[in-house]
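Chain order of the listed sequences is Y and H.
Position 125 (the first sequence) corresponds to 176 in our numbering; numbering is contiguous.
Position 151 (the second sequence) corresponds to 234 in our numbering; numbering is contiguous.
Even for Gly, the Cβ is constructed at its ideal location relative to N, Cα and C.
This structure is a prediction, so every number in the text was calculated from the model and none was measured.
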Amino acid sequence: MNALVILTAILFFLMTLVGGKKGVRSFVALFINFLVLLVTILIMTDSNASPVILTAIACALISAVTLFFINESNVKTKTAFVSTIITTVLLLLFIQFVTDRVMVQGFGDEEVEGLTIYSFYLGIDFLQVATSVVIMSTIGAVTDEAISISSPMFEIHRHHPTISMSALFHAGMRIGKDLLGTSANTLFFAFFGGYLALLVRYKDLSYSFGQIINSKVFSAEMITILCAGIGVALIIPVTAAITSYVLVKKSPVDKS
Amino acid sequence: MNMIKKIPRKRLVFLFILSTVLVSSIYFVYHNHAFYQDPIVEVTKVTIIDEQEVTDGQGHIDIIYTQAIEGKLKNSLQKGERVYLENEFSQSRVYHPEFQVGDDVFVTIDQVQEGDDLTGSIIDAKRDHYLLLVGWFFMLVLIAVGRRQGLFAVISLVVNAVLISLALDVYIATNDVTLLFIMSLAVIAMTALSLVLVSGLTHQTYAAIIATLIGTFSLLFITMLVLAMTNAEGLRFEEMEFLTRPPEAVFMAGILVGALGAVMDVAVTISSSLFSLYDKNHQISDHDLKQSGIEIGKDIMGTMTNILFFAYVSGTIPTLLVYFMNGAPLGFTLSLNLSLELTRALAGGIGIVLTIPIGLYTTIFFINRKRASV
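Printed below as a string of structure tokens:
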């Protein structure tokens, strides 16, 4: 039997066992998100399509699936969705600028070896592709944080309907700060785990410190880690601001 | 009374030290050419001297540009001399970048006759200064948003990176210890360190540490068992990049480290929310705690598995594009390039879900111990 099939079955079984109906929905959401990613990549192969715009659309879809399908559509998920989109766009602009300057698009010397039989003259902009890789790596974490901040803020507002906008904003910031460390760690370790082979290679072939930090592959990985960190930090004030605005301004105090 | 005066001064000292380190490190990285052995050239003039449209086997149209680069040597014996270089890049820039005035590049200098212009060929771009700038920006954003917690996040990133690097050094220096064993030790150290940094030396932290370790090692055990039972069928280890060692060992260690952050996140979420329920109501029953814990677990499981999935799979986008655009079939491309990433994501997902009940029971155990001691 195929190892992937068995692992998938185990994951499905566990998610159902622990999460019940919501677990099944979470599993299905994972599958849908995989399809969204795949279709996005397939559309990217068309050189008329802009990879960055495609990525922005894909991120909106992915975060919509995660928020509205696993949970339901309500004030909490809607504000989380808007915050995710705003943060993603801000991050896109920043990363596009950075990848251009640092020149980490495409493949490094260490990666090209395995691809020599393929044509590299593809006519699509790999600077934009590099940007989309970084954004896509972070979208899961950004969405997660948005809902983890907006949902307790909603609870605070429910218990204290007269809370002022700035007090609610600060409460959101406090919640976000507590999440920052663990969210950043989730991403950092995921990347470390993925780059282990690269690190072993650098040490085995005794690269010098200067060679490592200037190499394209290492720089690309570092940029991904750093931008991911910036993303999970940026989502905090954005979500806190939008949620407090929506809850205090938009909904009348005596609503419930 | 004194406290009010003390805090801003402490912060002032911190800001002063931070800005001094910031400015001097940036100054250094822009003037560190002498520390490199390879000659470095600063680009002072670029002209496109050739433009050629190419069509590949699949009908994709691209343009190959050749740029003539004039630059000045920034180090080595011929420092200050003018150098002429050439660089070829395609419009899609899959491999070589386009250089602009102001960029620094590593070069090799050709042997030339006395009195002739220096020529050379480009090795790669110098990227350390940009990396440092983005690194500082990262740090400032994290501190601005998270203050103390932001600083701790940065510290924990650095410390964990150093620990992993040290573990790899030990692995490479000693041939008879397996990577998995060394990484397991590193995982224990990193878990304890990161979680203490997040929430201090409390019962809550101990519960989270123990839950994380049980969760991480169970996911490792399950994954190893499945791979052993199926002879790792469907996994394309030969496609692992950067290999200099047996791929399975490096891959398993990667699974262990990669899932650790997510498992820690789940363990902390469960333990901190259960402890806050207990703090609000010391009489709360085990049954109620269990119920709340499962509800919280249901809420986080979907988004957490998503995080790992995208963190792993997104990195393959450029490779997938190259395969697809060269007409490689869908199934072949996916099974070749995604099998390892998907295994990592699935293993991590299994760890996340397992840690929910594990975290639940561990935390209840610690809550009851605290109850008994009160």
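Distance check for residue j and residue i, CA to CA, integer angstroms please.
| i | j | result |
| --- | --- | --- |
| leucine 93 of chain Y | histidine 179 of chain H | 24 Å |
| glycine 198 of chain H | valine 126 of chain H | 21 Å |
| glutamate 153 of chain H | aspartate 145 of chain H | 26 Å |
| serine 307 of chain Y | threonine 213 of chain Y | Only weak support is given to the placement of serine 307 of chain Y: the predicted model assigns it a pLDDT of 41, under 50, and the value that follows is read from those uncertain coordinates. Approximately 12 Å, taken between the alpha carbons. |
| phenylalanine 220 of chain Y | isoleucine 293 of chain Y | 9 Å |
| threonine 399 of chain H | valine 289 of chain Y | 29 Å |
| serine 107 of chain H | isoleucine 226 of chain H | 19 Å |
| aspartate 121 of chain H | isoleucine 247 of chain H | 29 Å |
| valine 270 of chain H | isoleucine 198 of chain Y | 29 Å |
| tyrosine 282 of chain Y | glutamine 194 of chain H | For clarity, residue 282 of chain Y is glycine in the given sequence; the question names tyrosine instead. Taking the straight line joining both Cα atoms gives about 48 Å. |
| serine 217 of chain Y | valine 126 of chain Y | 19 Å |
| glycine 70 of chain Y | lysine 381 of chain H | 5 Å |
| methionine 384 of chain H | isoleucine 205 of chain H | 48 Å |
| asparagine 236 of chain Y | alanine 275 of chain H | 13 Å |
| valine 184 of chain H | arginine 165 of chain H | 14 Å |
| isoleucine 238 of chain H | asparagine 451 of chain H | 33 Å |
| serine 259 of chain Y | threonine 275 of chain Y | 22 Å |
| phenylalanine 240 of chain Y | asparagine 409 of chain H | 33 Å |
| histidine 286 of chain H | phenylalanine 449 of chain H | 7 Å |
| methionine 387 of chain H | threonine 138 of chain H | 43 Å |
| tyrosine 361 of chain H | glycine 227 of chain Y | 22 Å |
| tryptophan 219 of chain H | serine 397 of chain H | 25 Å |
| leucine 230 of chain Y | alanine 115 of chain Y | 21 Å |
| leucine 33 of chain H | threonine 150 of chain Y | Residue 33 of chain H lies beyond the stretch modelled for chain H, which goes from 84 to 457, so this question has no answer here. |
| valine 133 of chain Y | aspartate 97 of chain Y | 29 Å |
| aspartate 259 of chain H | leucine 268 of chain H | 16 Å |
| glycine 442 of chain H | threonine 426 of chain H | 23 Å |
| asparagine 99 of chain Y | valine 405 of chain H | 16 Å |
| glutamine 135 of chain H | glutamate 169 of chain H | 15 Å |
| methionine 273 of chain Y | lysine 373 of chain H | 40 Å |
| isoleucine 131 of chain H | leucine 277 of chain Y | 34 Å |
| leucine 284 of chain H | leucine 234 of chain H | 18 Å |
| leucine 58 of chain Y | threonine 306 of chain H | 8 Å |
| alanine 291 of chain Y | proline 203 of chain Y | 11 Å |
Going by DSSP, what residues sit across from residue i in a beta bridge?
| i | result |
| --- | --- |
| leucine 55 of chain Y | For leucine 55 of chain Y, which the question treats as bridged, DSSP gives no partner whatsoever. |
| phenylalanine 269 of chain Y | Answer is none; phenylalanine 269 of chain Y lacks a bridge partner. |
| phenylalanine 172 of chain H | H/Tyr148 |
| serine 204 of chain H | H/Thr191 |
| leucine 156 of chain H | H/Val124 |
| glutamine 366 of chain H | Answer by DSSP bridge pairing: none, since glutamine 366 of chain H is not bridged. |
| glutamate 136 of chain H | H/Ile146 |
| valine 166 of chain H | H/Gly154, H/Leu201 |
| valine 129 of chain H | H/Ile152 |
Smallest Cα separation from residue i: which of the options?
| i | options | result |
| --- | --- | --- |
| lysine 267 of chain Y | Y/Leu105, Y/Gln156, Y/Leu88 | Y/Gln156 |
| arginine 209 of chain Y | Y/Ile61, Y/Val299, Y/Ala109, Y/Leu143 | Y/Val299 |
| leucine 318 of chain H | H/Ala151, H/Leu429, H/Leu95, H/Lys453 | H/Leu429 |
| threonine 295 of chain H | H/Phe264, H/Val224, H/Ala272 | H/Ala272 |
| glycine 223 of chain Y | Y/Ser270, Y/Ala235, Y/Glu196 | Y/Glu196 |
| histidine 116 of chain H | H/Lys157, H/Val405, H/Leu101 | H/Lys157 |
| leucine 423 of chain H | H/Leu160, H/Ile338, H/Ile379 | H/Ile338 |
| glycine 389 of chain Y | Y/Ser215, Y/Ser188, Y/Ser201 | Coverage of chain Y is limited to positions 52 through 307, which leaves residue 389 of chain Y absent and any answer about it impossible. |
| glutamine 161 of chain H | H/Phe415, H/Tyr148, H/Gln174, H/Val190 | H/Val190 |
| histidine 114 of chain H | H/Glu134, H/Gln150, H/Lys209, H/Tyr148 | H/Lys209 |
| lysine 155 of chain H | H/His143, H/Ile192, H/Gly140 | H/Ile192 |
| leucine 240 of chain H | Y/His211, Y/Ser183, Y/Ser215, Y/Ser234 | Y/Ser234 |
Looking at residue j and residue i, is the spacing between their C-beta atoms short of 8 Å?
| i | j | result |
| --- | --- | --- |
| threonine 446 of chain H | isoleucine 297 of chain H | no |
| leucine 280 of chain H | alanine 291 of chain H | no |
| glycine 341 of chain H | phenylalanine 243 of chain Y | yes |
| valine 87 of chain Y | threonine 138 of chain Y | no |
| aspartate 211 of chain H | isoleucine 123 of chain H | no |
| threonine 299 of chain H | leucine 251 of chain H | no |
| isoleucine 265 of chain H | aspartate 255 of chain Y | no |
| leucine 173 of chain Y | valine 217 of chain H | no |
| leucine 166 of chain Y | phenylalanine 325 of chain H | no |
| phenylalanine 145 of chain Y | proline 401 of chain H | no |
| glycine 434 of chain H | valine 346 of chain H | yes |
At least one CB of chain C closer than 8 Å to the CB of residue i: is that the case?
| i | result |
| --- | --- |
| glycine 223 of chain Y | Among the protein chains of the structure shown, namely Y and H, there is no chain C. |
Legend entry - Under 9 Å (Cβ pairs) to chain Y, residues found in the stretch 116-140 of chain H: So the list reads Phe118, Tyr119, Gln120, Asp121, Val137, Thr138, Asp139, Gly140, given in the order they occur along the chain.
Inset, instruction - With 8 Å as the limit, tell me which residues of the stretch 200-225 of chain H have their beta carbon closer than that to any beta carbon of chain Y; keep them in chain order. - result: Using a CB distance below 8 Å, the part of the stretch 200-225 of chain H facing chain Y consists of Asp207, Ala208, Lys209, Arg210, Asp211, Tyr213, Leu214, Val217, Gly218, Phe220, Phe221, Val224, Leu225, ordered along the chain.
Inset, instruction - Would you list, in chain order, the members of the stretch 188-219 of chain Y that have their beta-carbon closer than 7 Å to a beta-carbon of chain H? - result: Cβ contacts with chain H come from Ser188, Ile190, Gly191, Ala192, Thr194, Asp195, Ile198.
Inset, instruction - Identify each residue in the stretch 145-166 of chain H for which the Cβ-Cβ distance to at least one residue of chain Y is less than 8 Å, and report them in chain order. - result: Taking 8 Å as the Cβ-Cβ cut-off against chain Y, the residues of the stretch 145-166 of chain H that qualify are Asp145, Ile147.
Inset, instruction - Please name the residues in the stretch 321-343 of chain H whose beta-carbon is closer than 9 Å to at least one beta-carbon of chain Y, in chain order. - result: Answer in chain order: Glu322, Met323, Glu324, Phe325, Leu326, Thr327, Arg328, Pro330, Val333, Phe334, Ala336, Gly337, Ile338, Leu339, Val340, Gly341, Ala342, Leu343.
Inset, instruction - Give, in chain order, every residue of the stretch 360-391 of chain H whose Cβ lies closer than 9 Å to some Cβ of chain Y. - result: Within the stretch 360-391 of chain H, contact with chain Y at the beta-carbon level (separation under 9 Å) is assigned to Ile377, Gly380, Lys381, Asp382, Ile383, Met384, Gly385, Thr386, Met387, Thr388, Asn389, Ile390, Leu391.
Legend entry - chain H contacts made by the stretch 92-106 of chain Y, where a contact means CB separation under 7 Å: If the cut-off is 7 Å between Cβ atoms, the stretch 92-106 of chain Y has Ile92, Leu93, Met95, Thr96, Ser98 near chain H.
Inset, instruction - With 7 Å as the C-beta to C-beta threshold (strictly closer), list the residues of the stretch 174-189 of chain Y near chain H in chain order. - result: Flagged, chain order: Gly174, Ile175, Asp176, Phe177, Leu178, Val180, Ser183, Val184, Met187, Ser188.
Inset, instruction - For the stretch 283-304 of chain Y, enumerate the residues whose C-beta is nearer than 8 Å to any C-beta of chain H, in chain order. - result: Interface annotation for the stretch 283-304 of chain Y against chain H: Ala284, Leu285, Ile287, Pro288, criterion Cβ-Cβ distance under 8 Å.
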